[in-house]
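Chains X and H are the protein sequences, given in the same order.
Everything in the first sequence is counted per the numbering used here, starting at 137 for the first residue and increasing by one.
Everything in the second sequence is counted per the numbering used here, starting at 57 for the first residue and increasing by one.
Cβ coordinates follow ideal geometry from the N, Cα and C atoms, glycine included.
From a predicted model like this one, the values you see are computed outputs, not experimental measurements.
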Amino acid sequence: MSTPAAAAAGAKDESQIRQKRMIGEHFERLARARHDGRKVVYTFVPGNLTELIASFGMLSVLPEINALQSGMRGRSAAYIAEAEKSGHSEDVCTYVKCDIGMLRSGNIGPTGTKLPEPDLLLLSYTGCFTFMKWFELLREQYRCPVAMLHVPYQPDGVITPSMRAYVVDQLKNEVIPAMERVSGRRLDLDELTAQLARSAAAEDDLVAVWESARHRPSPIDGYFGGVYYVGPIFSAFRGSEEAVAYYRELRREVDARMAAGKGPATPDGTLAEERYRLVVEGPPNWTSFNDFWRMFTREGAVAVASTYTRVGGLYDTGFRHDASHPFETLADYCLGCYTNLGLPARVALLERYIREYHADGFIINSVKSCNSFSAGQLLMLRELERRTGRPGGFIESDLVDPRYFGKANIENRIQSYLQMVDARRHGGYA
Amino acid sequence: MKCGVGIDLGSTTTKAVLLDEHGEIVGQGITNSRSNYEVACAVAREEALTAARLSLLARALEQLPGEQRTRTAALAAALPEAFRFELYLDQLADLEGELRACVGQVKPDSLRHALEPALDEVIERMSRTAASLFDGSVARRSDFFRDLAGAAFMAAAEAVCAGGAVPFERLAGLFDRAVLDVETTMTRKPFDHVLRRAIARVTSQDAVAAPDAAGVVDLVLAAAAGTAIDEVAFVGTGYGRQTLPFPKECVRSEILCHGRGAHAAFPGTRTVLDIGGQDTKAIQVDESGVVTSFQMNDRCAAGCGRYLGYIADELGLGLHELGPLAMRAHRVIRVNSTCTVFAGAELRERLALGQRREDILAGLHRAMMLRAMSLLARSGGVHDQFTFTGGVCKNEMATKVLHDLVAEHYSPGTRVNIHPDSIYMGARGAALFALDDYRAGRGGAPAWREY
Ligand code: SF4
Chain X
137 MSTPAAAAAG AKDESQIRQK RMIGEHFERL ARARHDGRKV VYTFVPGNLT
187 ELIASFGMLS VLPEINALQS GMRGRSAAYI AEAEKSGHSE DVCTYVKCDI
237 GMLRSGNIGP TGTKLPEPDL LLLSYTGCFT FMKWFELLRE QYRCPVAMLH
287 VPYQPDGVIT PSMRAYVVDQ LKNEVIPAME RVSGRRLDLD ELTAQLARSA
337 AAEDDLVAVW ESARHRPSPI DGYFGGVYYV GPIFSAFRGS EEAVAYYREL
387 RREVDARMAA GKGPATPDGT LAEERYRLVV EGPPNWTSFN DFWRMFTREG
437 AVAVASTYTR VGGLYDTGFR HDASHPFETL ADYCLGCYTN LGLPARVALL
487 ERYIREYHAD GFIINSVKSC NSFSAGQLLM LRELERRTGR PGGFIESDLV
537 DPRYFGKANI ENRIQSYLQM VDARRHGGYA
Chain H
57 MKCGVGIDLG STTTKAVLLD EHGEIVGQGI TNSRSNYEVA CAVAREEALT
107 AARLSLLARA LEQLPGEQRT RTAALAAALP EAFRFELYLD QLADLEGELR
157 ACVGQVKPDS LRHALEPALD EVIERMSRTA ASLFDGSVAR RSDFFRDLAG
207 AAFMAAAEAV CAGGAVPFER LAGLFDRAVL DVETTMTRKP FDHVLRRAIA
257 RVTSQDAVAA PDAAGVVDLV LAAAAGTAID EVAFVGTGYG RQTLPFPKEC
307 VRSEILCHGR GAHAAFPGTR TVLDIGGQDT KAIQVDESGV VTSFQMNDRC
357 AAGCGRYLGY IADELGLGLH ELGPLAMRAH RVIRVNSTCT VFAGAELRER
407 LALGQRREDI LAGLHRAMML RAMSLLARSG GVHDQFTFTG GVCKNEMATK
457 VLHDLVAEHY SPGTRVNIHP DSIYMGARGA ALFALDDYRA GRGGAPAWRE
507 Y
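Have a look at this one:
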């Protein structure tokens, strides 16, 4: 997700320039944190409690985002090698190895400044077992406190009142007290609700941006472009004034594109012709991000919706941060993470996207690092084909390990898939 | 005649197929891909064109009125082999030129002086035995010039070196260098030129020399005049398809081409398995041959054709010898890894454990096909009819294991099709797409380079 500096080339939109500035300022704040006496919380994207962290005046660091940015900047191979040297096997999630490798190489962040050590490791989503192990490793390294929020799985895609109560109870009795201890402050409920209200405003605008892709041609790419759009809201900015302003601006730009009948921005400028509309499931590959994107744009394929851009919040299924129920809304947010849904709920969501966004088909990028995403994806593929009658494509790569991105192989599969969509669209051969 | 051309540029071999407007095959050509894809493509196309013209000539002679047909029958029957022989002689002449150029560069002079007469004798022996490859007295194991000439060269070199005057390896080294140049330069003579020579050769033989030889030759030449081919559309596919001199719209995915080619050969096909040198594909097609789903191996080459290549190298055998040897197994040794890189190590380790070569080979074949079964399962299973294509389907052990596994995991009644020309399926599918493009007024012209 997030916002590698200046990666989406072509003509820069105002929102992009703004986002880049926001990121730069955030890493500067982090670099000065010790000096300014600000506390630092390391936490993960799914179920992140950004508003709560900010309400204590603390700063967030998101190791996954650092890892993916290392991937985009061509550093991950060396970091992974470093981690493997210290004994991590080839099968370990490459986000973890990339982060560990970065830490062992001086912990220099994506903008070139050194990251501060954590004062608290906040694990607010336990749906992925790897997260727990990851923080176990960081705890070894930093010897700092860990706060853990156990989040029950949603096998049926429903949050029951008891699940919510269970999470709220942990928030009140474990997570918040831990944050109070680390920050030396009491919870400021007014500040928290103000943050939550701003989150909801930004979320409204983000949903409008996502849904613009229902339009033909779609003014956005909801996967490759989409990961840039969700950058601020996935990471340290949700609940901030800056995020509200960013999403307001982004929405305005996208509306203007739509009104002008323009296609999405791509690494090579505006896409001229929309030939295929696709829904994408699974995270992107970061080490060859633009190459991967071009495999789609060269064929005129646009991702109209994706599930990966929803891992930081399923706002288009109705969820909004709700300032009037601060604890319950945080609980629902943590519980509602996309990979916390059972397979039937994931299939239903993808089916909805395929229909509502008028997709010609869907592509699954199965990454070897992430079991939360990958387990069951072939079952999902068959079930989606059966329900929608639209073809699914299957490719395999990895998050940040360049060894797992077989360019020719992936390109071959994508082209084959799109040609198959074509042949079926024309109802067979002459 | 108007023809659609399909070219399948594979990692090991390049194939070309010419189809007439009804989708019937008129010519096929194949060559080693080697390192120069562009030449491989030109050679395969040239071969297919030649084959097409020969088959059109045969068709034309077949359609002559009764009496004329009878008079030309003997010549018509002998002509294709005679033609191939002439082509072989042309290439042999090229090879000779290259060999002499290579030997001329050998240092020191003393070695060169020893090699030159030895080479002369090898070349002399090769020309003497060349005819036996085309007169039916010896079964040809391959149609590739490299294989035919290579076998003849090595046999001659062994005999010449038996006296110990020159080391065999030095002579063999000359061949390796020279043949590469022959393969990567295209110096084909025009069709008519070769045809006249072939006719002359056949009619000079007693058995065929007819009382009115001149009249017969005229009939054949008249028929040959009608064999001009108009290549109206091209489609390229395969591993190296991006390197073809074709515009983008003339390049198709090999998955679609293989699916369509296999379906054209066996219209009942619903599932296709293709195991090529670099990749394995499991493809599902509908009743009109349109792909509905597919899976292929990821970047790992484990279990692809290349895997058998490594095994063959490790054992010092030819690829074609693996299957028959594995068929002699007493038992199938369980092998779990089909890692291509470690294939050799796996083999050596097991040999060191005292396991029989045949039994290990049987196990390796089974492991390879199990991997293919997993891809098939992921693509949606095996549906009747099941068509197996690609280089590996020539391997009898691989096909036997496949039959067993399909019967075991799916319906025992599943029909498994293997076409003798299965290696051409991708090119055939591509040629069908070319015909579609032609009918629809689409497609573009390749930018062929002259050789
Ligand atoms: S080393 Fe073996 S298993 Fe690994 S990628 Fe290569 S062929 Fe595959």
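Counterpart residues of residue i in DSSP-defined beta bridges
{"i": "M431(X)", "result": "M431(X) is not bridged to any residue."}
{"i": "T70(H)", "result": "L65(H) and T87(H)"}
{"i": "A437(X)", "result": "Y412(X)"}
{"i": "M284(X)", "result": "L259(X)"}
{"i": "F442(H)", "result": "T327(H) and V472(H)"}
{"i": "A484(X)", "result": "DSSP, once it has assigned bridges, lists no residue as partnering A484(X)."}
{"i": "Q290(X)", "result": "L477(X)"}
{"i": "S349(H)", "result": "Q340(H)"}
CB of residue i within 7 Å of CB of residue j, strictly
{"i": "P420(X)", "j": "V390(X)", "result": "no"}
{"i": "V176(X)", "j": "P252(X)", "result": "yes"}
{"i": "D56(H)", "j": "C360(H)", "result": "With chain H running from 57 to 507 in the structure shown, residue 56(H) is simply not present."}
{"i": "R434(H)", "j": "Q351(H)", "result": "yes"}
{"i": "L74(H)", "j": "Y93(H)", "result": "no"}
{"i": "C473(X)", "j": "Y261(X)", "result": "yes"}
{"i": "G237(X)", "j": "Y215(X)", "result": "yes"}
{"i": "L414(X)", "j": "A467(X)", "result": "no"}
{"i": "L204(X)", "j": "W422(X)", "result": "yes"}
{"i": "V61(H)", "j": "A487(H)", "result": "yes"}
{"i": "P353(X)", "j": "G405(X)", "result": "no"}
{"i": "L206(X)", "j": "C234(X)", "result": "Position check: residue 206(X) holds Ser in this sequence, whereas Leu was assumed. Against a cut-off of 7 Å, the Cβ pair of C234(X) and S206(X) comes out as a contact."}
{"i": "L328(X)", "j": "Q306(X)", "result": "no"}
{"i": "I500(X)", "j": "E409(X)", "result": "no"}
{"i": "A138(H)", "j": "V258(H)", "result": "yes"}
{"i": "F302(H)", "j": "G315(H)", "result": "no"}
{"i": "A174(H)", "j": "V99(H)", "result": "no"}
{"i": "E103(H)", "j": "G85(H)", "result": "yes"}
C-beta neighbour in chain H for residue i, strict 7 Å
{"i": "Y565(X)", "result": "yes"}
{"i": "M137(X)", "result": "Model confidence at M137(X) stands at a pLDDT of 36, short of 50, so the residue's coordinates are unreliable; what they give is reported in the following sentence. So, not an interface residue."}
{"i": "L514(X)", "result": "yes"}
{"i": "T230(X)", "result": "no"}
{"i": "P140(X)", "result": "Residue placement at P140(X) is flagged as unreliable, the pLDDT there being 36, under the threshold of 50; a coordinate-derived value is accordingly withheld."}
Residue i beta carbon near ligand 2 (any heavy atom closer than 6 Å)
{"i": "S510(X)", "result": "In terms of ligand content, the structure shown lacks ligand 2 and carries ligand 1 instead."}
Per-residue contacts from residue i into chain X (C-beta, under 8 Å)
{"i": "T515(H)", "result": "No answer is possible for residue 515(H): it lies beyond the span of chain H, which begins at 57 and ends at 507."}
{"i": "R316(H)", "result": "Y565"}
{"i": "D64(H)", "result": "What D64(H) touches in chain X: nothing, since even the nearest Cβ is about 14 Å away."}
Interface residues of chain X facing residue i [CB-CB closer than 7 Å]
{"i": "M352(H)", "result": "R549"}
{"i": "L312(H)", "result": "S552, Q555, M556 and A559"}
{"i": "R434(H)", "result": "L514"}
{"i": "D330(H)", "result": "By Cβ distance, chain X contributes nothing, its closest Cβ being about 12 Å from D330(H), past 7 Å."}
Proximity test, Cβ basis, 7 Å: residue i and chain X
{"i": "R362(H)", "result": "no"}
{"i": "S309(H)", "result": "yes"}
{"i": "S430(H)", "result": "no"}
{"i": "V73(H)", "result": "no"}
{"i": "S344(H)", "result": "yes"}
Under 7 Å from the C-beta of residue i: neighbouring residues of chain H
{"i": "E532(X)", "result": "D354"}
Closer than 7 Å to chain A by CB, residue i
{"i": "E164(X)", "result": "Absent from the structure is chain A; the protein chains it does hold are X and H."}
- With a floor of 4 residues, list each alpha helix (DSSP H) that falls wholly inside the segment 137-210 of chain X, ordered by position along the chain. Within the segment 137-210 of chain X, the complete alpha helix (DSSP H) runs of at least 4 residues fall at 150-172, 186-191 and 199-208.
- 3 or more residues per run - each beta strand (DSSP E) lying fully within the segment 520-556 of chain X: Within the segment 520-556 of chain X, the complete beta strand (DSSP E) runs of at least 3 residues are 528-533.
- Item | beta strand (DSSP E) segments (min. 3 residues) lying fully within the segment 217-282 of chain X | Qualifying beta strand (DSSP E) stretches, in chain order: 256-259.
- Task: May I have a chain-ordered list of the alpha helix (DSSP H) segments no shorter than 4 residues that lie completely inside the segment 445-480 of chain X?
- Result: As for any alpha helix (DSSP H) of minimum length 4 sitting wholly inside the segment 445-480 of chain X, the runs are 462-471, ordered along the chain.
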